[in-house]
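Trainee: This note's numbering applies: residue 10 is where the sequence shown begins, and numbers increase by one.
The beta-carbon is built from N, C-alpha and C at its ideal position, and this holds for glycine as well.
The structure is given below, and queries will be raised subsequently.
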Amino acid sequence: MSTTACAAQQIITLYSDLALNPHKDFGWDKGIENARNQGYKEEWIKQLPAGVWDYCAAVGNPFSLGEIPTGSTVLDLGCGAGVDVCVAALLVGESGKVIGVDITPLMVETAKRHAAEANLHNVQVVEATLESLPFEDESVDIIISNGAINLTSSKEKVFAEAFRVLRPKGKLYFADMIKRSDIQASACCSQDSWADCVAGTLEKACLLAQISGAGFSDAQCMGHTHYTTSASTIGATFRAVKKG
Ligand SMILES: C[S@@+](CC[C@H](N)C(=O)[O-])C[C@H]1O[C@@H](n2cnc3c(N)ncnc32)[C@H](O)[C@@H]1O
Numbered sequence: 010m011s012t013t014a015c016a017a018q019q020i021i022t023l024y025s026d027l028a029l030n031p032h033k034d035f036g037w038d039k040g041i042e043n044a045r046n047q048g049y050k051e052e053w054i055k056q057l058p059a060g061v062w063d064y065c066a067a068v069g070n071p072f073s074l075g076e077i078p079t080g081s082t083v084l085d086l087g088c089g090a091g092v093d094v095c096v097a098a099l100l101v102g103e104s105g106k107v108i109g110v111d112i113t114p115l116m117v118e119t120a121k122r123h124a125a126e127a128n129l130h131n132v133q134v135v136e137a138t139l140e141s142l143p144f145e146d147e148s149v150d151i152i153i154s155n156g157a158i159n160l161t162s163s164k165e166k167v168f169a170e171a172f173r174v175l176r177p178k179g180k181l182y183f184a185d186m187i188k189r190s191d192i193q194a195s196a197c198c199s200q201d202s203w204a205d206c207v208a209g210t211l212e213k214a215c216l217l218a219q220i221s222g223a224g225f226s227d228a229q230c231m232g233h234t235h236y237t238t239s240a241s242t243i244g245a246t247f248r249a250v251k252k253g
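Set out below in structure tokens:
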């Protein structure tokens with residue numbers, strides 16, 4: 010099996026386990042306390058079923074990075090069990106639309122179930138890879154993502170796809186794990202830790218260069234979060250715009 014196929018299989022195995030066992034300890038923060046620590050609003054916490062929040066593996070809060078206007082179309086890359094999909098659906102309202110994409114079939118099923126349980130009818134969840142999005146050019150207004158891009162085999166392809174599907178003036182708001190620049194590479198990890206959001210992380214400057222390289226303007230790191238997946242990684246939030 011190639012390294013890429015092997016990493017994808019590790020990801021599907023790990024996140025299927027999470028889909029089936031939300032209370033299991035995987036070694037990283039999740040659940041409603043994690044949502045509160047990341048600044049998710051109490052009004053969202055109250056509006057969604059408690060079971061949805063059990064799955065919140067957010068490494069940061071993409072909703073802190075800019076407005077999500079009513080009526081907009083939002084795409085969540087690596088939506089997992091659909092926590093951010095459901096929050097975005099509350100924000101865009103019935104005149105808007107939210108699409109979640111995930112590689113793990115059991116996560117897609119779980120996200121669909123959560124949207125139905127939350128009575129959100131403006132949600133679509135699709136099984137696909139972030140490196141090859143099954144959507145038309147210039148078809149979404151805002152892309153969000155949380156803890157998923159570091160897991161992908163080619164971040165360049167992911168940002169190129171994000172740029173392609175965004176409309177002019179579209180926004181990219183995401184949180185992700187990055188590699189700490191003050192830790193030696195040798196202190197980092199093997200391919201075995203890819204699915205745990207360690208081995209696939211890049212340093213901030215490298216990630217920003219890849220975002221800009223895909224065509225985005227004003228790529229910025231907005232700060233670090235409390236989240237860690239190893240001694241060599243830290244959560245961070247990013248935003249960029251596709252200039253019109
Ligand atoms: C750490 S979880 C985060 C889930 C969710 N965003 C959250 O905040 O709770 C990462 C998710 O990304 C998905 N994923 C990883 N690599 C992917 C890829 N190449 N294409 C699509 N989804 C991917 C995994 O299946 C998993 O559900």
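If you pair each beta-carbon of the stretch 152–171 with each one of the stretch 83–103, do three or more pairs fall below 8 Å?
Mentor: yes
Trainee: Distance check for Thr238 and Arg122, CA to CA, integer angstroms please.
Mentor: 28 Å
Trainee: Comparing alpha-carbon positions, which option in Ser81, Ala240, Glu76, Ala249 lies nearest Leu149?
Mentor: In the sequence as presented, Leu is not what sits at residue 149; that position holds Val. Ranking Ser81, Ala240, Glu76, Ala249 by Cα distance to Val149 puts Ser81 first.
Trainee: At the 8 Å Cβ level, is Asp85 part of the contact set with chain C, yes or no?
Mentor: In the structure shown, chain C does not exist; there is a single protein chain.
Trainee: With DSSP collapsed to three states, give me the class of Asn30.
Mentor: coil
Trainee: Between Thr161 and Lys188, which are expected to be in contact by the criterion C-beta below 8 Å, what is the C-beta distance as a whole number of angstroms?
Mentor: About 15 Å; that fails the 8 Å criterion.
Trainee: Could you say if the stretch 176–183 and the stretch 123–135 meet the contact criterion of at least three C-beta pairs nearer than 8 Å?
Mentor: Output reads no: the stretch 123–135 does not touch the stretch 176–183.
Trainee: Leaving out five residues before and five after Ile20 in sequence, what residues of the same chain have Cβ atoms less than 8 Å from its Cβ?
Mentor: Ile112, Thr113, Leu160, Trp203, Ala204
Trainee: How about Ala214 and Ala228: are their beta carbons less than 8 Å apart?
Mentor: Not in contact: Ala214 and Ala228 (Cβ atoms no closer than 8 Å).
Trainee: Apart from the five residues just before and just after Glu165, which ones in its own chain have a Cβ nearer than 6 Å to its Cβ?
Mentor: Gln219
Trainee: Where Phe225 and Ala169 are concerned, what is the direct C-alpha to C-alpha distance, given to the nearest angstrom?
Mentor: 9 Å
Trainee: Got a sec: does ligand 1 put a non-hydrogen atom nearer than 7 Å to the Cβ of Tyr236?
Mentor: It does not: the Cβ of Tyr236 is nowhere closer than 7 Å to a heavy atom of ligand 1.
Trainee: Can you tell me which residues form a DSSP beta bridge with Ile187?
Mentor: Ile243
Trainee: With a threshold of 7 Å (Cβ to nearest heavy atom), would Gly156 be considered close to ligand 1?
Mentor: It does: the Cβ of Gly156 is within 7 Å (strictly closer) of some heavy atom of ligand 1.
Trainee: Going by beta carbon distance, what residues of the same chain come within less than 7 Å of Thr234, once the five residues before and after it are set aside?
Mentor: Gln47, Val68, Gly69, Ala184, Gly244, Ala245, Thr246
Trainee: Could you work out which residue in Gly102, Leu84, Val101 is closest to Leu142 when comparing CA atoms only?
Mentor: Leu142 has its Cα closest to that of Leu84, out of Gly102, Leu84, Val101.
Trainee: Let me know if Asn30 comes out buried or exposed under the rule of 16 or more other beta-carbons within 10 Å of its beta-carbon.
Mentor: exposed
Trainee: Report the CB separation of Cys230 from Leu217 in whole angstroms; it is logged as a contact under 8 Å.
Mentor: The pair is a contact, with the Cβ atoms about 6 Å apart (cut-off 8 Å).
Trainee: Within the present structure, is the beta-carbon of Ile20 separated from the nearest heavy atom of ligand 1 by less than 7 Å?
Mentor: yes
Trainee: Could you tell me if Gly36 is buried or exposed, where buried requires 16 or more neighbouring beta carbons within 10 angstroms of its beta carbon?
Mentor: exposed
Trainee: How far does the beta strand (DSSP E) with Ser226 in it reach, from first residue to last?
Mentor: Taken as a continuous stretch (DSSP letters only), the beta strand (DSSP E) holding Ser226 covers 226–233.
Trainee: With DSSP as the reference, label Ser195 as helix, strand or coil.
Mentor: Residue placement at Ser195 is flagged as unreliable, the pLDDT there being 49, under the threshold of 50; the coordinate-derived value follows with that caveat. Ser195 falls in the helix class under three-state DSSP.
Trainee: Identify the residues that DSSP records as bridge partners of Leu84: which are they?
Mentor: Ile108, Ile152
Trainee: Can you tell me which of Lys251, Thr242, Ile192 puts its alpha carbon nearest to the alpha carbon of Ser221?
Mentor: Lys251
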